[in-house]
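Peer 1: One structure follows; several queries about it will come next.
Numbering (my numbering), first residue to last: 54 to 684.
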């Protein structure tokens, strides 16, 4: 009562509060990252171990099995799935729903560290990580050049392009595949080693000792302390060739060692490494970049900044960039569809209200209550740390009907008091206070319905929480608006004897039709009350039919702009398949075909490239087709 009375007596105060809600909502809307789906923390931890040169059986016995045995005792563990491939072991650990994945990651890391001494010496250190949906690439970029060969192009991407993109805020990692990687090989000649009385270990130790990078103490001078570091690095291939290898006289240890250079016992080759992966776009060789964002990164903003950086790089180097996968497009399309649905819903609600109220000022009051509550909800969503995604937008779309309920009830009761001869201010105050308790009860019922959804656990709970809290926030703000803005505007804009029964035109015809519909409806209700069991059985049959006909699934399907397929083959056969299916000539013939020209906007093919899910698909060709957008 005091809130409504204060709002009617102090309209400037109400307007300032509403303006603050609008401004905060606008700022929150601009600051929120735009994503397709809410952030979900999956209860999975993966342990990846690279063991170069080892076969699948060796990987399973020496790496995968010890890791599985080490993590089986962790509390909350549900299932372990492992993959042993050539050179790679991947152990996927699933935990019970509700498990804190940060704690689980720490426990897995601790267990794996405890058995690291049992793993082969040549195996790389196992890496434990949480399953992060954000780790999926938001951009896949193909780099081509007409002037650079595969080796030069890969060097340019590694040394110039990748570091430039990695500096962009929100970029977590950039993986590179394709092209040819520079490699310096030292081919030791066995006969030369034997002639000098050396073993392969002496040559390895000499190279390793020359490339040490470690701290060497500190120097204090005139009150200043300077750290000293030994940095071993070859400046050129020629310097590596001239590396000195001492030869000790085992029969006379006191004799000064003889000196032999690396080039005397080995051939140092500077060239491309053995090609184990290949990437092509539209039949042409390319280097492919995959951009991953941080957990809280803004997909749309990062995409815009990356594309701006690519434009700058194209002006500096003789390369072309082609974006083949762009997650921001799907995000924008989904949100734009929801924007349109939201605006259309508001427009239809306002139109329906005007048709029933036959009053422009009353319709305008209700129309002002909708954006005020919505923008206040935007501020609440931003304060809770959620992104602007399909679930929050769906919650706002659903809340539109709830937002107008309170305002319509207030206006309808204000109308009634105006017809009783009360002044507008008195009618607005009495109209609000008379139904205040009922309005609060109805609103709290809506809140109570959605609060349990927000408190759900597991993956579904994380997915639905932004939706439920968005509806709750919008509903509570609409209640506040109905106690302040709506009665204040009604007290200022309504006039005495405002309500008049329309008799002519569309309004008169609509009211007469509505009265006839109400009479027909009352007769149907009377029949239903006299035949209760018929109504019950019809309702039960309809409910069962609907439940049976609904298909199940964890998430809806959607049409995207790209399709991906992969299968497993030996790596040598993979190169042959990719080369024969997606050579430049074959791609041109495919695009010249009538069906290909209509369907395909582009195609990318990969071989020997690791994947982004639980398994690293080494030796699996992967084909990605980009279709023209459907419109």
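Cβ coordinates follow ideal geometry from the N, Cα and C atoms, glycine included. All values reported here derive from a predicted model rather than from experimental measurement.
Which runs of the alpha helix (DSSP H) fall wholly inside the segment 315-360 and span at least 4 residues, in chain order?
Peer 2: Those alpha helix (DSSP H) runs which fall completely within the segment 315-360 and span 4+ residues are 315-318.
Peer 1: To the nearest angstrom, report how far apart residue 438 and residue 348 are at their CA atoms.
Peer 2: Computed Cα separation, rounded: 12 Å.
Peer 1: Within a Cβ cutoff of 7 Å, which residues of the same chain sit near residue 221, ignoring the five residues on either side of it in sequence?
Peer 2: Same-chain partners within the cutoff: 355, 358, 359 and 362.
Peer 1: Pick out whichever of 333, 495, 291 and 402 has its Cα sitting closest to the Cα of residue 203.
Peer 2: Answer by Cα proximity: 333.
Peer 1: Are the CB atoms of residue 377 and residue 448 within a distance shorter than 7 Å?
Peer 2: Their beta carbons are not under 7 Å apart, which means residue 448 does not touch residue 377 by this criterion.
Peer 1: Figure out for me which residue from 67, 384, 546 and 55 has the closest Cα to the Cα of residue 88.
Peer 2: Nearest of 67, 384, 546 and 55 to residue 88, Cα basis: 384.
Peer 1: So what does DSSP say about residue 189, is it helix, strand or coil?
Peer 2: Correct three-state label for residue 189: coil.
Peer 1: Leaving out five residues on either side along the sequence, give the residues of the same chain with a beta carbon under 7 Å from the beta carbon of residue 351.
Peer 2: Result list for residue 351: 86, 87 and 223, in chain order.
Peer 1: Closer than 6 Å by C-beta to residue 51: which residues in its own chain qualify, once you throw out the five before and the five after it? Chain order, please.
Peer 2: Shown here, the chain extends from 54 to 684; a query on residue 51 therefore has no answer.
Peer 1: Whose CA, out of 381, 182, 410 and 441, lies closest to the CA of residue 391?
Peer 2: Comparing Cα positions, the closest option is 441.
Peer 1: Within the continuous alpha helix (DSSP H) that includes residue 498, where are the two ends?
Peer 2: Counting along the chain, the alpha helix (DSSP H) containing residue 498 begins and ends at 489-507.
Peer 1: Is it true that the CB of residue 402 sits closer than 7 Å to the CB of residue 463?
Peer 2: Going by C-beta atoms, residue 463 is not nearer than 7 Å to residue 402.
Peer 1: Thinking C-alpha only, which one of 602, 285, 294 and 525 is nearest residue 505?
Peer 2: The option with the nearest alpha carbon to residue 505 is 525.
Peer 1: Following the continuous alpha helix (DSSP H) through residue 511, name the residue where it begins and the one where it ends.
Peer 2: Per DSSP, residue 511 belongs to the alpha helix (DSSP H) from 511-536.
Peer 1: Should residue 574 go down as buried or exposed, given a rule of 16 or more other Cβ atoms within 10 Å for buried?
Peer 2: With fewer than 16 Cβ atoms within 10 Å of its Cβ, residue 574 is classed as exposed.
Peer 1: Does the segment 311-319 come close enough to the segment 192-202 that 3 or more CB-CB pairs lie under 8 Å?
Peer 2: In short, these stretches do not touch, since the Cβ pair count stays below three.
Peer 1: Under the rule that 16 or more other beta-carbon atoms within 10 Å means buried, what is residue 84, buried or exposed?
Peer 2: Exposed, by the Cβ-count rule.
Peer 1: If the criterion is Cβ atoms closer than 7 Å, does the pair residue 142 and residue 116 meet it?
Peer 2: The answer is yes: Cβ separation under 7 Å.
Peer 1: At the level of alpha carbons, what is the spacing between residue 339 and residue 257?
Peer 2: Computed Cα separation, rounded: 35 Å.
Peer 1: Does the separation of the CB atoms of residue 193 and residue 337 fall below 7 Å?
Peer 2: No; because the gap between Cβ atoms is not below 7 Å, this pair is not in contact.
Peer 1: Specify, as a first and last residue, the run of the alpha helix (DSSP H) that residue 406 falls within.
Peer 2: Segment 380-410, the alpha helix (DSSP H) holding residue 406.
Peer 1: Measure from the alpha carbon of residue 209 to the alpha carbon of each residue in 521, 450, 235 and 65, then state which is nearest.
Peer 2: Minimum Cα distance to residue 209 is reached at 235.
Peer 1: For residue 397, is the classification buried or exposed, using 16 other Cβ atoms within 10 angstroms of its Cβ as the cut-off for buried?
Peer 2: So residue 397 ends up on the exposed side.
Peer 1: Confirm, please, whether the CB-CB distance from residue 470 to residue 480 is below 7 Å.
Peer 2: Yes.
Peer 1: Can you list, in chain order, the residues of its chain with a C-beta nearer than 7 Å to that of residue 499? Leave out the 5 residues immediately preceding and following it.
Peer 2: Result list for residue 499: 455 and 528, in chain order.
Peer 1: For residue 152, collect the residues of the same chain with a Cβ closer than 6 Å to its Cβ; drop the 5 residues on either side in sequence, then sort them by chain order.
Peer 2: Answer for residue 152: 96 and 129, listed in chain order.
Peer 1: Taking buried to mean at least 16 other C-beta atoms within 10 Å of its own C-beta, is residue 138 buried or exposed?
Peer 2: Counting Cβ neighbours within 10 Å, residue 138 comes out buried, since at least 16 surround it.
Peer 1: So, for residue 269: in the same chain, excluding its five sequence neighbours on each side, which residues have a beta-carbon less than 8 Å away from its beta-carbon?
Peer 2: If we look at residue 269 and ignore the five residues flanking it on each side, its Cβ neighbours are 281, 282 and 283.
Peer 1: How far does the beta strand (DSSP E) with residue 136 in it extend, from its first residue to its last?
Peer 2: 130-138 is the span of the beta strand (DSSP E), which, as asked, contains residue 136.
Peer 1: For residue 276, count neighbouring Cβ atoms within 10 angstroms of its own Cβ and tell me buried if that reaches 16, exposed if not.
Peer 2: So residue 276 counts as exposed.
Peer 1: Closest to residue 487 by C-alpha separation, out of 237, 155, 467 and 320, would be which residue?
Peer 2: Of 237, 155, 467 and 320, the residue nearest in Cα terms is 467.
Peer 1: Less than 6 Å between C-beta atoms, sequence neighbours within five positions excluded: which residues of the same chain meet that for residue 648?
Peer 2: Reliability of the predicted coordinates at residue 648 is poor, the pLDDT of 45 falling under 50, and no value is obtained from them.
Peer 1: If residue 543 and residue 406 are in contact, beta carbons under 8 Å, what's the gap, nearest whole angstrom?
Peer 2: That belief does not hold up - the Cβ atoms of residue 543 and residue 406 are roughly 14 Å apart, past 8 Å.
Peer 1: With DSSP run on the structure shown, which of helix, strand or coil describes residue 267?
Peer 2: Three-state result, residue 267: strand.
Peer 1: How big is the Cα-Cα spacing for residue 149 and residue 298?
Peer 2: Spanning the two alpha carbons is a distance of roughly 57 Å.
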